[in-house]
């Protein structure tokens, strides 16, 4: 009799709905995270197109991108799929639709930003901890802009035949790139990265994930698929960084593979940005509808499983 009571208590206390953890995401959910990250970062980059830029001598002070948007995504969801989707949003909704697509050279920025976001998101064990989220933003921009600056220096060095014939050239290049890197880290990494991300991520944690049928990230459970400090991953990262440099050099030597630059903004003005906004809105609404449909289907499946379990327990109790 006690075993029967225990069985019924277990059945009644079992959750009516089981939401998979990030490592249990279905293919459709991985795609939703990828597309959602792509659309949100695309919208963020459209906004940066209208933000003012300032120039102090040879140094340009501007917002490269709103880093907090992809950082929040890689902090809340699986960092791999969110990191792969975010930089693609800039390529599709800004570069392609605005008619400013540099072809194979776009792979340089894609690899650098995706890898930076992936490593930064992997550092976040608990999105409710502001320090971890802020560190993720700084690391992501540090990797992206640091590697990009190193590649820019190499491009200039390779393009100059005799450095010794131009007095002070190497020092000036390093100084300019250093100032540009520091300004990007301050503006994109901290002001528009770490600070808003550390504010938003804890408030969205546990609220947005269930809407997509996913469980919030659990700090007690290690996240499979995250970046690790292993020789294999470090070697892969180095190879990807070298590959990004090679793509940059292809653009530098005028390899125009995939080049498409009608430059619609110059032809039609800033109002053409609304085309990208409309495209983002359509994709975003589609993702939300698919996410709600997927969550509803999972609730129904969980309800059927619970009902079947309750029926089985009732039959076993009747048999006893």
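Residue numbers (UniProt numbering): 1 to 320.
Beta carbons are placed, not taken as given, at the ideal position from N, Cα and C, and that holds for glycine.
Bear in mind that the values here come from a model prediction, so they are computed numbers and not experimental data.
query	result
Backbone CA spacing between residue 67 and residue 282 [nearest angstrom]	23 Å
Between the CA atoms of residue 217 and residue 293 - distance to the nearest angstrom	22 Å
Beta-bridge partners of residue 102, as assigned by DSSP	259
7 Å Cβ shell around residue 137 - same chain, five flanking residues per side excluded	67, 68, 71, 120, 189, 193, 194, 197
First through last residue of the beta strand (DSSP E) which encompasses residue 203	Looking at the DSSP string, residue 203 is not in any beta strand (DSSP E); the run it does join, the alpha helix (DSSP H), is 195-204.
Residue 60 (DSSP reduced to helix, strand or coil)	strand
Cβ distance (whole Å) where residue 146 is taken to contact residue 94 below 8 Å	No, residue 146 and residue 94 are not in contact; Cβ-Cβ is about 23 Å, not under 8 Å.
Cβ-based burial, residue 87 [other Cβ within 10 Å; buried from 16]	buried
As assigned by DSSP and simplified to three states, the class of residue 54	strand
Where residue 324 falls, given that 16 or more other Cβ within 10 Å makes a residue buried	No information on residue 324 is available, as it lies outside the stretch 1 to 320 that the chain covers here.
Residues near residue 321 by beta carbon distance below 7 Å, same chain, minus five either side	Residue 321 lies beyond the stretch modelled for the chain, which goes from 1 to 320, so this question has no answer here.
Closest residue to residue 276 among 75, 148, 100, 25 (Cα-Cα distance)	100
Own chain partners of residue 153 with C-beta closer than 8 Å, once the 5 adjacent residues on each side are dropped	173, 174, 177
Contact between the stretch 26-35 and the stretch 205-216 (3+ Cβ pairs under 8 Å)	yes
Cβ distance (whole Å) where residue 80 is taken to contact residue 118 below 8 Å	6 Å
CA nearest to the CA of residue 129, picked from 142, 203, 105	203
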